[in-house]
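A short worksheet on the structure shown next.
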Amino acid sequence: MATSEPVSEIENAPETEEPQPEVIPTAPPVVTDSEQYIKHPLQNNFLVPAAEKHQHSMILPPPCFTVGMVPGFLQTCRLAFRWALWYFKNDKSKSWTENLRLIAKFDTVEDFWALYNHIQQPSKLGFGCDYCLFKDGVKPMWEDDKNKLGGRWLMTLSKQQRQIDLDRYWMETLLCLIGESFDEASEDVCGAVVNVRPKGDKISIWTGNCQNKEAIVAIGQQYKERLSIPIKLLIGYQSHDDTSSKSGSTTKNMYSV
Numbered sequence: 487m488a489t490s491e492p493v494s495e496i497e498n499a500p501e502t503e504e505p506q507p508e509v510i511p512t513a514p515p516v517v518t519d520s521e522q523y524i525k526h527p528l529q530n531n532f533l534v535p536a537a538e539k540h541q542h543s544m545i546l547p548p549p550c551f552t553v554g555m556v557p558g559f560l561q562t563c564r565l566a567f568r569w570a571l572w573y574f575k576n577d578k579s580k581s582w583t584e585n586l587r588l589i590a591k592f593d594t595v596e597d598f599w600a601l602y603n604h605i606q607q608p609s610k611l612g613f614g615c616d617y618c619l620f621k622d623g624v625k626p627m628w629e630d631d632k633n634k635l636g637g638r639w640l641m642t643l644s645k646q647q648r649q650i651d652l653d654r655y656w657m658e659t660l661l662c663l664i665g666e667s668f669d670e671a672s673e674d675v676c677g678a679v680v681n682v683r684p685k686g687d688k689i690s691i692w693t694g695n696c697q698n699k700e701a702i703v704a705i706g707q708q709y710k711e712r713l714s715i716p717i718k719l720l721i722g723y724q725s726h727d728d729t730s731s732k733s734g735s736t737t738k739n740m741y742s743v
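In our numbering, each residue carries its 1-based index in the sequence shown increased by 486.
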């Protein structure tokens, strides 16, 4: 699939339905004791006092520390893979690559919670924005070598589900990925994306080989069970090649569960 610029679901994000407030860059405070502060990745690297670190938490995680700064004398829980969180904001005045920003990387449970609890929930993002969590070294675009032969399990939510299910579904998706919830099939997982859109938000899990039916179906079944999606409600898997070459508004499913 040859393109002059990366083509992706997030590249074709619609224009923002309502104007979103822009965060004004401000110089961060001088920090003398790094353990008293924690970074806020999406607000121009503000340093937020540690006393406020649970202010916006939806869950009670293990003790949080600055990403990458867990004191060495504390025991940490190492993840099987190193992960990278990306943020996309649709700005028509910028190129696709300029709109995609790498926020942070982590490889421990503690650093994951430190990051998760200091970024906005998907339901609070503006239309046209995305979060992408991918294994380190894999970019959240179809053309990446790890993605180009793969596809995605795609779940589309209604407008009403934004305030009811979106944040919970996304958190469970993240935990499925970093916790190796798909057993041996986790090796085939590349990452996950949440798209915030006016007509309905989307959450997808990307895999590296769309022909690996056994692993893909296992991922879909376990993912559906993890989110407590009713058996009669089907979710579909689409190859990136089919999605990028579609002529209409829909893409046929290779697999469904």
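Every residue, glycine too, gets a C-beta built ideally from N, C-alpha and C.
#1: Using three-state DSSP, classify Phe-592 as helix, strand or coil.
#2: My output table needs one value for Pro-527: the three-state DSSP class, helix, strand or coil.
#3: Could you tell me which whole beta strand (DSSP E) segments of length 3 or greater appear in the stretch 644-715?
#4: Say whether the stretch 637-646 touches the stretch 687-694, bearing in mind that this needs 3 or more beta-carbon pairs closer than 8 Å, one atom from each stretch.
#5: Cβ of Val-680 within 8 Å of Cβ of Asp-616?
#6: Are Lys-632 and Cys-676 closer than 8 Å when you measure CB to CB?
#7: Rounded to whole angstroms, what's the CA-CA distance from Thr-659 to Glu-629? Just pull it up for me.
#8: Among the residues of its own chain, which have a CB less than 6 Å from the CB of Ala-701, if the five just before and after it don't count?
#9: What is the rounded straight-line gap between the Cα of Trp-572 and the Cα of Ser-714?
#10: Under 8 Å between the Cβ atoms of Arg-568 and Asp-597?
#11: Taking Asn-739 as the reference, which of Gly-722, Ser-731 and Ser-730 has the closest Cα?
#12: What does Thr-642 pair with, by DSSP beta-bridge criteria?
#13: In this structure, does DSSP put Asp-727 in helix, strand or coil?
#14: Could you tell me which residues DSSP pairs with Phe-613 in its beta bridges?
#15: Compare the Cα-Cα distances from Gln-708 to each of Leu-635, Val-743 and Arg-587 and report the closest residue.
#16: With DSSP as the reference, label Glu-521 as helix, strand or coil.
#17: What residues are listed by DSSP as bridge partners for Gly-722?
#18: Here's the rule I'm using: 16 or more other beta-carbon atoms within 10 Å means buried, otherwise exposed. How should Thr-693 be labelled?
#19: From the DSSP output, in three-state form, read off Leu-601 for me.
#20: Determine the direct distance from the alpha carbon of Lys-634 to that of Asp-728, and round the result to whole angstroms.
#21: Contact check, Asn-576 vs Gly-623 under 8 Å by CB: the rounded distance?
#22: So, is Lys-625 buried or exposed, given that buried needs 16 or more other C-beta atoms within 10 angstroms?
The short version:
#1: The answer is strand: DSSP assigns Phe-592 an E or B state.
#2: Caution is warranted here: a pLDDT of 36 is assigned to Pro-527, below 50, making its placement in the model unreliable, and the coordinate value is therefore given only provisionally. Here Pro-527 carries a coil assignment [DSSP, helix/strand/coil].
#3: The stretch 644-715 contains these whole beta strand (DSSP E) runs: 675-681 and 688-693.
#4: By the C-beta criterion, the stretch 637-646 is judged to be in contact with the stretch 687-694, since at least 3 inter-stretch pairs fall below 8 Å.
#5: Yes; because the gap between Cβ atoms is below 8 Å, this pair is in contact.
#6: The answer is yes: Cβ separation under 8 Å.
#7: Cα-Cα distance, rounded: 23 Å.
#8: Cβ neighbours of Ala-701 beyond the five flanking positions: Ala-671 and Asp-674.
#9: When rounded, the distance between both Cα atoms is 27 Å.
#10: It is not a contact, given that the beta carbons lie outside the stated cut-off.
#11: Ranking the options by Cα distance to Asn-739, first place goes to Gly-722.
#12: Looking at the DSSP assignment, Thr-642 forms a beta bridge with Lys-688.
#13: In the three-state reduction of the DSSP assignment, Asp-727 falls in the helix class, which pools H, G and I.
#14: DSSP, once it has assigned bridges, lists no residue as partnering Phe-613.
#15: Answer by Cα proximity: Val-743.
#16: Residue confidence is low: Glu-521 scores 32 on pLDDT, short of 50, so the model does not pin down where it sits. Its coordinate-derived value is still stated next. Collapsing the DSSP output to three states places Glu-521 in a helix.
#17: Note: Gly-722 sits in a beta bridge opposite Leu-640 and Ser-742.
#18: Under this definition Thr-693 is a buried residue.
#19: Note: Leu-601 maps to helix in three-state DSSP.
#20: Between Asp-728 and Lys-634, the C-alpha separation is close to 11 Å.
#21: Contact flag wrong, Cβ pair sits at about 25 Å.
#22: So Lys-625 ends up on the buried side.
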